[in-house]
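Engineer: Those protein sequences? They're chains A and B, same order as listed.
Start counting at 1 in the first sequence, then tack on 73, and there's your number in this note's numbering.
Start counting at 1 in the second sequence, then tack on 1, and there's your number in this note's numbering.
The beta carbon of each residue, even a glycine, is placed where N, CA and C say it ideally should be.
Keep in mind it's a predicted model, so treat the numbers as computed, not measured.
Here's a structure for you.
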Amino acid sequence: MAHKGKVWKFGANIDTDAILPAFYLNLTDPGKLALHCFETNNPDFCLNSHEGDFIVADANFGCGSSREHAPMAIKAKGIHCIIAASFARIFFRNAFNVGLPVIESLEAAEKIGAGHEISVNIKKGEIRNFTTRETYRCEPLPDNMLSVLQDGGLIPHLLAKKNTQ
Amino acid sequence: MGMTITEKILAKGAGLDEVHPGQLIMCEVDVALGSDPTAPLAIEQFKKAGGQSVFHKDKVVMIPDHFAPNKDILSAEKCKILREFSRDQDLKHYYELGEMGIQHVLLPEKGIVLSGHFAVGADSHTCTYGALGAFATGIGSTDLAAVMLEGRLWFKVPASMKLIYSGKLPKWVGGKDLILHTIGKIGVDGALYRAMEFHGDAIEELCMDGRFTMANMAVEAGAKNGIFHVDTKTTAYLQDRTESAYKVFTSDLDADYVETIEFDVSAIEPQVACPHLPSNVVGLSELGEISIDQSLIGSCTNGRISDMREAADVLKGNKRDPRVRLIIIPGSPKVWRQANNEGLFDIFMDAGAVISTPTCGPCLGGHMGVLAGGERSIATTNRNFVGRMGHPESEVYLSNPAVAAASAILGKIGGPSELGLK
Ligand code: SF4
């Protein structure tokens, strides 16, 4: 049974300054970063999002700077997965590298609303919306990307590979 | 089917004869760059992964530029991590205060990135080096750690789009205006995942500094890289800065482009990007009356000597509006010295400006000119997101150096022509 969670909805072009303002770039501790995630852009999210919630957004999520602190903060906040119409490319790479699943689906981004309850099966490429009883398709993740996520990011993945060799 | 300049450099990096858009490849990198906000994380990951020594000590570059000179204790600690790592690893390219400049001004100036190079940096504006006919793109800290370990990284080959600029550039219109105009037309995701390839007779007319400005902001349209072809201006620039051999790549005539867009630059006036997106662009004359509290001239976008000269041309003999703080930040010690030698500092100071040591500083709301709530700045930087230069209720307008200088004098956003300058 895939994990079910509540959706926080965001618009288009959510930039990394909105996710984590530059003056927190001196922090590297994930727990501390989580405290400031969307602090000024969406204080409601910052205060009230829960472990296991989802983010659903329009196009170009994560545009702007290359700061890995942004996906780190979202992951440390406990967000299960981000679904967006599209992602900015550096954010997309960074998210995988820190072990945060991100999924592109225009249909899901359009049809899923704030507060909906959803689940995602990345392996099958299936998003279920329990609020509207709809199902959306997305590109299933290739096995090598899945194993990066399962290991918790690129560095733990490289270490795990080393240990099994 | 022919290949674009981007595809050719990627193919070289991957050791392949040809590559095509969408293909996943493993590339050897020529330059890997980190700076104080991103490199400490990369260094931590590098050590976590058991890293002992970097793949090549001349190819890993560390620049403490964002919050240096150290703005507070936390930044001091971050810069210290860079410094100690660079010493431990015996890195050739670590630059301490006095030699330190904004990374994307410094690296081309020092001849560290050359034409044909494959350069990556844990900073999104690494794409600046595309002006030299290099492939350059931003990555995250973990990616940088992986590159420092192995000297290579996986990439997806981007599709290329061709942007052609023709016509004569009007006075006070330059690289910044062309790129702002372009982003205004195609949007902040108009080049998402793509390579932006710049062409046209107006591009040939642009000086190298103007090309750096344009390549710098390719990421603001979502692009993976922005790239120019090498011409006599590029080779002259490189000749003064390196003795190393470099390779020149050129797009084939039958190369494939996903999109081609043409611009007539003779019709373009100075451009301004309004809050809070770099695509929120209007011509200066359409802007209306916008008063300002601050004008910032500097950054990796417009912190080079031509930018300083352009600002000086406007500021000469004028005085800033008493309500406006005018901050000028030459992007590197070399730019600083040259501006000083050319007498530009007298012009700046007579106009009521302060001149900072090279740093990113206020561009990302770091230090040396952070905005308070309700304040508004015109800036020659590249981003005007909410809170980019300070308080979440401050506003940033982006422009070229001439407009930023004229605005400081006028007390509101305006161009040199409003000062009677032709
Ligand atoms: S000047 Fe601004 S945009 Fe450029 S590297 Fe520094 S912070 Fe980033």
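Chain A partners of residue 389 of chain B, CB-CB under 7 Å?
Structural biologist: Here the neighbours are 90.
Engineer: Which one of B:418, B:311, B:324 and B:365 has the shortest CA to CA distance from residue 397 of chain B?
Structural biologist: When each option's Cα is compared against that of residue 397 of chain B, the closest is B:365.
Engineer: What whole-angstrom Cβ distance do residue 123 of chain B and residue 114 of chain B have, given they're in contact under 8 Å?
Structural biologist: Contact doesn't hold; Cβ gap of about 15 Å is too wide.
Engineer: By how many angstroms is the C-alpha of residue 197 of chain B removed from the C-alpha of residue 205 of chain B?
Structural biologist: Roughly 16 Å separates the two Cα atoms.
Engineer: Please name the residue or residues paired with residue 231 of chain A in a DSSP beta bridge.
Structural biologist: Looking at the DSSP assignment, residue 231 of chain A forms no beta bridge with any residue, so it has no partner.
Engineer: Give the single residue among B:416, B:342 and B:303 whose Cα lies nearest to the Cα of residue 107 of chain B.
Structural biologist: Of the listed residues, the one whose Cα sits closest to residue 107 of chain B is B:303.
Engineer: Rounded to whole angstroms, how far is the Cβ of residue 386 of chain B from the Cβ of residue 137 of chain A, which I believe are closer than 8 Å?
Structural biologist: Contact flag correct, Cβ pair sits at about 6 Å.
Engineer: Please list the partners that residue 189 of chain B has in chain A, where partner means a Cβ-to-Cβ separation under 8 Å.
Structural biologist: Neighbours of residue 189 of chain B on chain A, chain order: 86, 133 and 136.
Engineer: Would residue 417 of chain B and residue 308 of chain B qualify as a contact pair, given that the criterion is a beta-carbon distance under 7 Å?
Structural biologist: No, they are not a contact pair.
Engineer: With DSSP as the reference, identify every bridge partner of residue 249 of chain A, one or two as the case may be.
Structural biologist: Since the first residue of chain A shown is 74 and the last is 238, residue 249 of chain A is not available in this structure.
Engineer: Please confirm whether residue 185 of chain A has its beta-carbon closer than 7 Å to some beta-carbon of chain D.
Structural biologist: Among the protein chains of the structure shown, namely A and B, there is no chain D.
Engineer: Count the other C-beta atoms from every protein chain shown that fall within 10 angstroms of the C-beta of residue 182 of chain B, then say buried if there are 16 or more, exposed otherwise.
Structural biologist: Burial call: buried.
Engineer: Which chain A residues sit within Cβ distance under 9 Å of residue 81 of chain B?
Structural biologist: The contacting residues do not exist; residue 81 of chain B stays about 12 Å from chain A at best.
Engineer: Going along the chain, which residues of its own chain have a beta-carbon closer than 7 Å to the beta-carbon of residue 305 of chain B, five neighbours each way excluded?
Structural biologist: Closer than 7 Å at the Cβ level, and outside the excluded window around residue 305 of chain B, lie 106, 210, 213, 332 and 336.
Engineer: Can you tell me which of the three DSSP states residue 162 of chain B falls into?
Structural biologist: Strand, per DSSP.
Engineer: Please tell me whether residue 147 of chain A has its Cβ less than 7 Å away from any Cβ of chain B.
Structural biologist: No - not a single Cβ of chain B is within 7 Å of the one on residue 147 of chain A.
Engineer: For residue 159 of chain B, count the other beta carbons within 10 Å of its own beta carbon; 16 or more makes it buried, fewer makes it exposed. Which is it?
Structural biologist: Flag for residue 159 of chain B reads buried.
Engineer: Under 7 Å between C-beta atoms, does residue 227 of chain A make it to chain B?
Structural biologist: Yes, residue 227 of chain A lies at the interface with chain B (some Cβ there is under 7 Å from its Cβ).
Engineer: If distances are taken between C-alpha atoms only, which option among B:143, B:31, B:12 and B:156 comes closest to residue 25 of chain B?
Structural biologist: The shortest Cα separation from residue 25 of chain B among B:143, B:31, B:12 and B:156 belongs to B:156.
Engineer: With a 10 Å radius around its C-beta and 16 neighbouring C-beta atoms as the bar for buried, classify residue 221 of chain B as buried or exposed.
Structural biologist: Burial call: buried.
Engineer: With distances taken from CA atoms, which of B:144, B:377, B:207 and B:150 is nearest residue 412 of chain B?
Structural biologist: Measuring from the Cα of residue 412 of chain B, the nearest candidate turns out to be B:377.
Engineer: Does any heavy atom of ligand 1 sit closer than 6 Å to the C-beta of residue 361 of chain B?
Structural biologist: Checking every heavy atom of ligand 1 against the Cβ of residue 361 of chain B, one is found closer than 6 Å.
Engineer: What do you reckon, is the C-beta of residue 83 of chain B under 6 Å from a heavy atom of ligand 1?
Structural biologist: Because no heavy atom of ligand 1 lies under 6 Å away, the Cβ of residue 83 of chain B does not count as near it: no.
Engineer: Taking Cβ-Cβ distances below 7 Å as the criterion, which residues of the region 394-409 of chain B are in contact with chain A?
Structural biologist: The region 394-409 of chain B vs chain A, Cβ under 7 Å: nothing.
Engineer: Rounded to the nearest angstrom, how far is the Cβ of residue 1 of chain B from that of residue 231 of chain B, given a contact under 8 Å?
Structural biologist: In the structure as shown, chain B begins at 2 and stops at 423. Residue 1 of chain B is therefore absent and cannot be evaluated.
Engineer: Who are the near neighbours of residue 216 of chain A in its chain, counting only those whose CB is closer than 8 Å to its CB and skipping five residues on each side?
Structural biologist: Excluding positions up to five away in sequence, the list is empty.
Engineer: Taking C-beta pairs closer than 7 Å, name the residues in chain A that residue 42 of chain B reaches, listed in chain order.
Structural biologist: Going along chain A in sequence order, the residues near residue 42 of chain B (Cβ under 7 Å) are 101 and 141.
Engineer: Run through DSSP, which three-state label would residue 148 of chain B get?
Structural biologist: Looking at residue 148 of chain B - three-state DSSP - the assignment turns out to be helix.
Engineer: Which whole-angstrom value is the C-beta distance of residue 131 of chain B and residue 219 of chain B, which I expect to be below 8 Å?
Structural biologist: At roughly 7 Å, the Cβ-Cβ gap stays under 8 Å, so residue 131 of chain B and residue 219 of chain B are in contact.
Engineer: Using a Cβ cut-off of 7 Å (strictly closer), state whether residue 386 of chain B contacts chain A.
Structural biologist: Chain A, which has a Cβ nearer than 7 Å to the Cβ of residue 386 of chain B, makes this yes.
Engineer: Taking Cβ-Cβ distances below 7 Å as the criterion, which residues of the region 156-174 of chain A are in contact with chain B?
Structural biologist: Under the 7 Å Cβ criterion, the region 156-174 of chain A contributes 159, 161, 162, 163, 166, 167, 170 and 171.
Engineer: Kindly list the residues whose CB is nearer than 6 Å to the CB of residue 339 of chain B, restricted to its own chain and excluding five residues on each side of it in sequence; keep chain order.
Structural biologist: Excluding positions up to five away in sequence, the list reads 306.
Engineer: To the nearest angstrom, how far is the alpha carbon of residue 395 of chain B from that of residue 277 of chain B?
Structural biologist: Looking at the two C-alpha atoms, the distance is approximately 10 Å.
Engineer: With burial defined as no fewer than 16 other Cβ atoms inside 10 Å of the residue's Cβ, what is the status of residue 197 of chain A: buried or exposed?
Structural biologist: Classification for residue 197 of chain A: exposed.
Engineer: Measure the beta-carbon distance from residue 189 of chain A to residue 125 of chain A and round it to whole angstroms, keeping in mind my assumption that it falls under 8 Å.
Structural biologist: 14 Å between Cβ atoms; not a contact.
Engineer: Roughly how many angstroms separate the alpha carbons of residue 34 of chain B and residue 150 of chain B, rounded to a whole number?
Structural biologist: Going from the Cα of residue 34 of chain B to the Cα of residue 150 of chain B covers about 13 Å.
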